[in-house]
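Chemist: Below you will find the structure I want to go over with you.
In UniProt numbering, the protein residues as written are 1 to 448.
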């Protein structure tokens, strides 16, 4: 691995077992959790943007930077639900199933706020908000939704974003950012950010989410206790290694993909499966329209798989990530990660107005499957499908089509439906009836 990445794993002290580092971090961020405090809409939006664009630690609703969907020499802002939300919701569900949810939240509150206090009100507010949040997602979040552009006519949102961008990267009312899940932000805004009582509850919910997100590296004893409550048997050392690698993957996604690319000895099966899927998809489309089939052929002519065709060397990666401190220095792993994340965000924020700093794989957006297929033209599949026992030379082709092929087909369908049905502004081409008819036809034929 590159020197910048190994410095994350080696030479750092473990996190303290006390609650002071976690308490101090929350106060630095601007959260008084587990105590309830007043907040207005602009303050909470500012907090969400600060966590993403200043600290490099997106929380619940993230703002990230990536290549513009239709302007290949420019970077732009993206916003989306934090990809870790599924893990958060899943952990709460497991804790609830084992009748340990209230105990875990109370334990976390006592680590931060001290023992001998009542946290019943906070726990009730967090769980109430969580149920409301899940309902908003159920109604407003599909498996995949075509992205859209959002202008910055919302004064509070524009003020929050510009408050954390350099002077030469400021955005104006007629500028746009990319919304990866159109309609979801407005639904969350309407439910949680428009009423004083809801704002206070949402601030507590945000605090609980942030504690859950950082406890693996800032309060490992709290994270360990949660996994014990859930009945998990994964050894603590393996869990810590996984968390370290996850943080490296967030800040330096190309590093992890380089490791995987070097590890996969035979990539020919993956490329063969992708070729068969693309050929089948184009054949299906040709039966509907020869013109659309030609567009589909062009759109799929240069697809990648998990950056497997990446040819950069480790020394090149060190140059790409030279803004990240190579020396861990003193302090805990979290201290080093925080310094590195802030250094990374200072560079990426400048790229909004400076094409020479424009990269494809950036923290936040690189974890979005829709971004990778639509902007990078990169099919995303699980690494497990590329190595034994899922991938061995004598496996029948049908096995690979059923495993990695299923994941690939989903991305190929997303790409082709978006390219063929929407223009570069994500507006529908032709009439709504024609679009719906083709979408139904294409989806049905792929399923059968």
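In this text, a Cβ means the ideal position worked out from N, Cα and C, and glycines have one as well. Only a predicted model underlies this, so the values are computations on that prediction, with no experimental measurement involved.
Taking just the CA atoms, how far does residue 178 sit from residue 457?
Modeler: Nothing about residue 457 can be read from this structure; the chain reaches only from 1 to 448.
Chemist: Would you mind sorting residue 40 into buried or exposed? The rule is 16 or more other CB atoms within 10 Å of its CB.
Modeler: Indexing the chain shown from 1 puts residue 40 at position 40. When all chains shown are included, residue 40 counts as exposed.
Chemist: Roughly how many whole angstroms lie between the Cα atoms of residue 210 and residue 59?
Modeler: Here residue 210 refers to the residue found at position 210 when the chain shown is read from its first residue. Here residue 59 refers to the residue found at position 59 when the chain shown is read from its first residue. So the two alpha carbons sit approximately 6 angstroms from each other.
Chemist: Of the residues 331, 412, 56, 92, which one's Cα is nearest the Cα of residue 284?
Modeler: What you label residue 284 is simply residue 284 of the chain shown in a count that begins at 1. Closest by alpha carbon: 412.
Chemist: Can you check which of these residues, 35, 235, 387, is closest to residue 108 by C-alpha distance?
Modeler: The residue labelled residue 108 in the question sits at position 108 within the chain shown. Here the closest residue by C-alpha is 35.
Chemist: Would you kindly work out how many angstroms separate the C-alpha atoms of residue 20 and residue 32, rounded to a whole number?
Modeler: Position 20 of the chain shown, counted from the first residue, corresponds to residue 20. Position 32 of the chain shown, counted from the first residue, corresponds to residue 32. If you take the alpha carbons of residue 20 and residue 32, they lie about 13 angstroms apart.
Chemist: For residue 312, which residues in the same chain have their Cβ closer than 8 angstroms to its Cβ, ignoring the five residues on either side in sequence?
Modeler: As a position in the chain shown, residue 312 is number 312, starting the count at 1. Cβ within range, chain order: 254, 258, 320.
Chemist: To the nearest whole angstrom, what separates the beta carbons of residue 64 and residue 78, a pair I think is in contact under 8 angstroms?
Modeler: What you label residue 64 is simply residue 64 of the chain shown in a count that begins at 1. What you label residue 78 is simply residue 78 of the chain shown in a count that begins at 1. Correct: roughly 5 angstroms between the Cβ atoms.
Chemist: At 4 residues or longer, and completely inside the segment 333–366: list those alpha helix (DSSP H) runs for me, N to C.
Modeler: Within the segment 333–366, the complete alpha helix (DSSP H) runs of at least 4 residues are 333–350.
Chemist: Report the three-state DSSP secondary structure of residue 321 (helix, strand or coil).
Modeler: Residue 321 sits at position 321 when you count from the first residue of the chain shown. Reduced to three states, the DSSP call for residue 321 is coil.
Chemist: In three-state terms, what does DSSP make of residue 63?
Modeler: Stepping through the chain shown from its first residue, residue 63 is reached at position 63. Residue 63 falls in the strand class under three-state DSSP.
Chemist: Would you please state the rounded distance, in angstroms, between the beta carbons of residue 341 and residue 55? I believe it to be under 8 angstroms.
Modeler: As a first step, residue 341 is located in the chain shown; it is residue number 341 there, counting from the start. As a first step, residue 55 is located in the chain shown; it is residue number 55 there, counting from the start. The Cβ separation is near 6 angstroms, so the contact holds.
Chemist: Going straight from the alpha carbon of residue 11 to that of residue 247, what length do you get?
Modeler: Start at 1 with the first residue of the chain shown, and residue 11 comes out as number 11. Start at 1 with the first residue of the chain shown, and residue 247 comes out as number 247. With a pLDDT of only 44 at residue 11, under 50, the local geometry of the prediction cannot be trusted, and no value is derived from it.
Chemist: Identify the residues that DSSP records as bridge partners of residue 148: which are they?
Modeler: As a position in the chain shown, residue 148 is number 148, starting the count at 1. Answer is 179, bridged to residue 148.
Chemist: Could you check which residue in 68, 123, 188, 152 has the C-alpha nearest to that of residue 44?
Modeler: As a working mapping, residue 44 is identified with position 44 in the chain shown. Out of 68, 123, 188, 152, 188 has the C-alpha closest to the C-alpha of residue 44.
Chemist: Among 230, 336, 394, 315, which residue has its Cα nearest to the Cα of residue 93?
Modeler: Here the question's residue 93 lines up with position 93 in the chain shown. The residue with the shortest Cα to Cα distance from residue 93 is 230.
Chemist: Could you give the residue range of the beta strand (DSSP E) that holds residue 155?
Modeler: Indexing the chain shown from 1 puts residue 155 at position 155. Per DSSP, residue 155 belongs to no beta strand (DSSP E); it is in the alpha helix (DSSP H), 155–162.
Chemist: Here's the rule: buried if 16 or more other CB atoms are within 10 angstroms of the residue's CB, otherwise exposed. What is residue 207?
Modeler: Position 207 of the chain shown, counted from the first residue, corresponds to residue 207. Result: buried.
Chemist: Candidates 147, 315, 278: which alpha carbon is nearest residue 371's?
Modeler: Within the chain shown, the letter at position 371 stands for residue 371. Nearest of 147, 315, 278 to residue 371, Cα basis: 147.
Chemist: Going by beta-carbon coordinates alone, are residue 459 and residue 197 separated by less than 9 angstroms?
Modeler: The structure shown does not extend to residue 459, since the chain is modelled only from 1 to 448, so the question has no answer here.
Chemist: Just how far apart, CA to CA, sit residue 143 and residue 186?
Modeler: Walking along the chain shown from the start, residue 143 turns up at place 143. Walking along the chain shown from the start, residue 186 turns up at place 186. Interpretation of residue 143 is limited by its pLDDT of 46, a score under 50 that renders its predicted location unreliable; no figure is taken from the coordinates.
Chemist: Looking at C-alpha atoms only, which residue of 151, 373, 401, 48 is the closest neighbour of residue 386?
Modeler: Here residue 386 refers to the residue found at position 386 when the chain shown is read from its first residue. It is 401 whose Cα lies nearest to the Cα of residue 386.
Chemist: Do residue 171 and residue 352 have their C-beta atoms closer together than 9 angstroms?
Modeler: Within the chain shown, residue 171 is the residue found at index 171, counting from 1. Within the chain shown, residue 352 is the residue found at index 352, counting from 1. Yes; because the gap between Cβ atoms is below 9 angstroms, this pair is in contact.
Chemist: What is the residue span of the beta strand (DSSP E) that residue 76 lies within?
Modeler: Your numbering for residue 76 matches position 76 in the chain shown. Taken as a continuous stretch (DSSP letters only), the beta strand (DSSP E) holding residue 76 covers 75–81.
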